[in-house]
Structure formats: structure tokens, C-alpha cells
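Enquirer: The sequence shown runs 11 to 109 under this note's numbering.
Even for Gly, the Cβ is constructed at its ideal location relative to N, Cα and C.
Everything numeric in this text was worked out from a predicted model, so none of it was measured.
This is the structure I want to talk about, given as C-alpha cells.
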Amino acid sequence: MSPTALTRKPQDASTITAALLALLTALEGIPAGSPAGAAYTAAIRRRGEELAAVGGAEALRSAHAVVLAAAPDQAETRAALIDSAWSTIPGWTDTGSAA
11 MSPTALTRKP QDASTITAAL LALLTALEGI PAGSPAGAAY TAAIRRRGEE LAAVGGAEAL
71 RSAHAVVLAA APDQAETRAA LIDSAWSTIP GWTDTGSAA
């Protein structure tokens, strides 16, 4: 496999946010503590890392606001999932879900 085949094309914050929203929506039907739930949580963490890389704490806060506003009835659960998944991302621990 060539080095270019291993390199992912950088994504913008809106694309990453859309992926994050899809992951959170899918995770809502997964039992807590399941292997699938752990995989989705890891993917949510990776989306957070990508957001931090392309836009720092501001991109994290913006994506957080978008995914919470998309489903107000799920906002509290989504905020807790994001806080847990993003807890080790520099910039998020300083802003948290209060952003």
C-alpha cells in the first residue's frame, strides 16, 4: 500500500461535527457498557481529537452546541457522553460542557 493510501484527507469542522452527530445518534440505541458502545465512544473521542486539531477549543465548543441543539431531549445524555469521551482532549477539560 502506498503512503498516500494510508493518509486520510483532512476534514473541516462541519464535516467532523456531522460525523459526531451521526455517532451520537447511533449510540442512543446501544446498551451502556456494551462493546459496541465502547467502540462508538472511542469514535466520538477521535472526532473530538480531530476537531481540536482543526479548530481548537472553539471547534469543540461549537460542535458540542450543534449536537446538543439537534436533539434537545437528548442534550443531557449527549453532554455526558461527550464530556466522558473528550475528557483527555487538551482544551476540552478547561471548557467542558459549560461552553
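1) Give the straight-line distance between the Cα atoms of G101 and L33, rounded to the nearest whole angstrom.
2) Given S24, which residues of its chain have a CB within under 8 angstroms of its CB, disregarding the five upstream and five downstream residues?
3) Kindly give me the distance between the Cβ atoms of L31 and V76, rounded to whole angstroms, as I take these residues to be in contact under 8 angstroms.
4) Nearest to A42 by CA position, among R88, R71, S97, is which residue?
5) Find the nearest neighbour of L61 within the set A80, S97, T103, T27, judged by alpha-carbon distance.
Expert: From the atom records:
1) The residue you call residue 101 lines up with position 91 of the sequence shown. The residue you call residue 33 lines up with position 23 of the sequence shown. Near 21 angstroms, if we compare the C-alpha coordinates of L33 and G101.
2) As a first step, residue 24 is located in the sequence shown; it is residue number 14 there, counting from the start. Result list for S24: empty, nothing under 8 angstroms.
3) By 1-based counting over the sequence shown, the position of residue 31 is 21. By 1-based counting over the sequence shown, the position of residue 76 is 66. Contact holds; Cβ gap of about 7 angstroms.
4) As a working mapping, residue 42 is identified with position 32 in the sequence shown. Comparing Cα positions, the closest option is R88.
5) As a first step, residue 61 must be located in the sequence shown, where it is residue number 51. Measuring from the Cα of L61, the nearest candidate turns out to be T27.
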